[in-house]
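Undergrad: Handing you a structure now.
Numbering (the numbering used here), first residue to last: 132 to 454.
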């Protein structure tokens with residue numbers, strides 16, 4: 132099997148699209164973040180991903196919901212989903228055909244999560260690897276340390292009779308942060324986009340602490356969790372006495388605080404860092420690695436210097452646009 136990239140991973144031998152960004156007749160979607168989804172006629176994914184996509188993608192078509200670790204036929208191949216540890220329902224995709232095994236990592240994380248299923252890395256021959264944080268300086272501190280720092284910062288801001296606002300992505304990071312801050316002992320308010328995702332997480336059985344849904348213009352009694360784009364909203368511009376922080380793996384970059392225009396940054400990520408990427412490759416046992424997204428070319432070179440067969444995934448030939 133030979134993978135190509137054309138706004139998604141494509142395996143032409145079996146006509147299989149993985150996370151295509153354009154609508155396709157049939158595709159497998161690893162998780163519900165918008166940069167991995169589109170309104171396909173038929174989407175194969177986990178139950179949690181289907182539930183999240185139905186809310187986030189109003190024009191979603193049919194779904195075939197797959198359980199983890201249950202191989203199903205795709206033409207003359209078999210496919211199986213395995214937990215990726217990224218967000219709730221996130222999956223790696225294992226494909227087997229004619230004795231050859233291919234694993235698409237999707238976005239993943241080896242570190243433990245409070246709100247996502249723990250990762251299970253299958254062995255494979257070929258690995259298509261997402262390389263979002265594939266530079267050596269992206270080595271995240273233990274989550275417990277980061278959460279403790281966030282809690283201390285929130286308490287300090289509240290003691291000054293100001294309001295702490297934590298900016299993070301609405302799906303995945305928001306629910307993880309909510310779960311982590313539950314023991315802080317202060318009221319937590321959510322932007323409506325975060326609250327919408329939190330309600331789905333709860334419906335799918337994830338335990339989350341109590342929260343209120345913030346109404347623009349209303350007082351914020353404790354900590355507010357909101358998406359980064361809220362900084363440009365009229366209701367946010369009207370606030371006084373607030374302190375802001377950005378919660379993301381990109382906090383590992385020295386310029387992020389100034390780029391985001393916030394008072395603090397905390398490197399809590401739902402992606403694998405550089406060390407985890409190396410560990411993942413080793414655990415998979417892959418004989419050949421194709422890197423994609425982020426620092427794909429740099430990491431492929433890194434792997435080659437370590438003696439591995441690795442290539443940054445090239446764009447597919449133009450004719451693949453016809454599929």
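Each residue gets a CB set at the ideal place from its N, CA and C atoms; glycine is no exception.
Judging by CA-CA distance, which residue of 376, 251 and 264 is the nearest neighbour of residue 456?
TA: No answer is possible for residue 456: the residues shown for the chain start at 132 and end at 454.
Undergrad: Within the same chain, show all residues whose beta-carbon is closer than 6 Å to that of residue 431, passing over the 5 residues directly before and after it, in chain order.
TA: 422, 441, 442 and 443
Undergrad: Alpha carbon to alpha carbon, how far is residue 198 from residue 256? Give it in angstroms, no decimals.
TA: 23 Å
Undergrad: Specify, as a first and last residue, the run of the alpha helix (DSSP H) that residue 428 falls within.
TA: 427 to 436
Undergrad: Please report the residue range of the beta strand (DSSP E) in which residue 367 lies.
TA: First-last for residue 367: 365 to 368, but that is the alpha helix (DSSP H), not the beta strand (DSSP E).
Undergrad: Can you list, in chain order, the residues of its chain whose CB lies under 8 Å from that of residue 293, leaving out five sequence neighbours each side?
TA: 372, 373 and 374
Undergrad: Under a three-way DSSP split, which group does residue 259 fall into?
TA: strand
Undergrad: Nearest to residue 418 by CA position, among 254, 186, 217 and 223, is which residue?
TA: 254
Undergrad: Count the other CB atoms within 10 Å of the CB of residue 155; is the residue buried (16 or more) or exposed (fewer)?
TA: Looking at its Cβ environment, which holds 16 or more other Cβ atoms inside 10 Å, residue 155 is buried.
Undergrad: Under 8 Å by Cβ, that's how I've got residue 399 and residue 274 pegged, so tell me the actual separation to the nearest angstrom.
TA: 6 Å
Undergrad: Quick one, which of 322, 225 and 240 has its alpha-carbon nearest residue 484's?
TA: Since the first and last residues shown for the chain are 132 and 454, residue 484 lies out of range.
Undergrad: If we ignore side chains and look at the alpha-carbon of each, how far apart do residue 393 and residue 376 end up?
TA: Each residue's CA atom was taken as its position, placing residue 393 and residue 376 some 5 Å apart.
Undergrad: Considering only DSSP beta bridges, list what residue 218 is partnered with.
TA: Note: residue 218 sits in no beta bridge, so no partner.
Undergrad: Mind checking whether residue 157 and residue 173 have CB atoms under 8 Å apart?
TA: yes
Undergrad: Note down the Cα distance separating residue 303 from residue 219, rounded to an integer number of angstroms.
TA: 7 Å
Undergrad: Looking only at its own chain, which residues have a Cβ that is under 8 Å from the Cβ of residue 451, when we skip the five neighbours before and after it?
TA: The predicted model places residue 451 with a pLDDT of 38, which falls under 50 and marks its position as unreliable; any figure quoted below should be read in that light. Around residue 451: 135, 137, 141 and 143.
Undergrad: Which one of 349, 160 and 362 has the shortest CA to CA distance from residue 183?
TA: 160
Undergrad: Measuring only the C-alpha atoms, how far is residue 341 from residue 319?
TA: 7 Å
Undergrad: Tell me, please, which residues DSSP counts as bridged to residue 140.
TA: 136 and 149
Undergrad: DSSP state of residue 387, grouped into three classes?
TA: helix
Undergrad: Just mark residue 151 as buried or exposed, buried being the case when its beta carbon has 16 or more other beta carbons within 10 Å.
TA: buried
Undergrad: Can you tell me which of the three DSSP states residue 130 falls into?
TA: Absent from the structure is residue 130, since the part of the chain shown begins at 132 and ends at 454.
Undergrad: Comparing alpha-carbon positions, which option in 327, 230, 316 and 281 lies nearest residue 378?
TA: 281
Undergrad: Can you check whether the CB of residue 215 is closer than 8 Å to the CB of residue 227?
TA: no
Undergrad: State buried or exposed for residue 276, treating a residue as buried only when at least 16 other CB atoms are found within 10 Å of its CB.
TA: By the neighbour-count criterion, in which a residue is buried when 16 or more other Cβ atoms sit within 10 angstroms of its Cβ, residue 276 is exposed.
Undergrad: Which class does residue 168 belong to by DSSP, given the choice of helix, strand or coil?
TA: coil
Undergrad: Out of 166, 202, 439 and 268, which has the shortest C-alpha to C-alpha gap to residue 177?
TA: 202
Undergrad: Within 10 Å of its beta-carbon, does residue 211 have 16 or more other beta-carbons around it, so buried, or fewer, so exposed?
TA: With 16 or more Cβ atoms within 10 Å of its Cβ, residue 211 is classed as buried.
Undergrad: Check whether the Cβ atoms of residue 224 and residue 235 sit closer than 8 Å, and answer yes or no.
TA: yes
Undergrad: Let's see if you can read the secondary structure: which residues bound the alpha helix (DSSP H) around residue 235?
TA: In the DSSP assignment, residue 235 falls outside any alpha helix (DSSP H) and lies within the beta strand (DSSP E) extending over 231 to 235.
Undergrad: I'd like the list of long-range same chain contacts for residue 343, defined as Cβ closer than 6 Å, with 5 residues on each side in sequence excluded.
TA: 320
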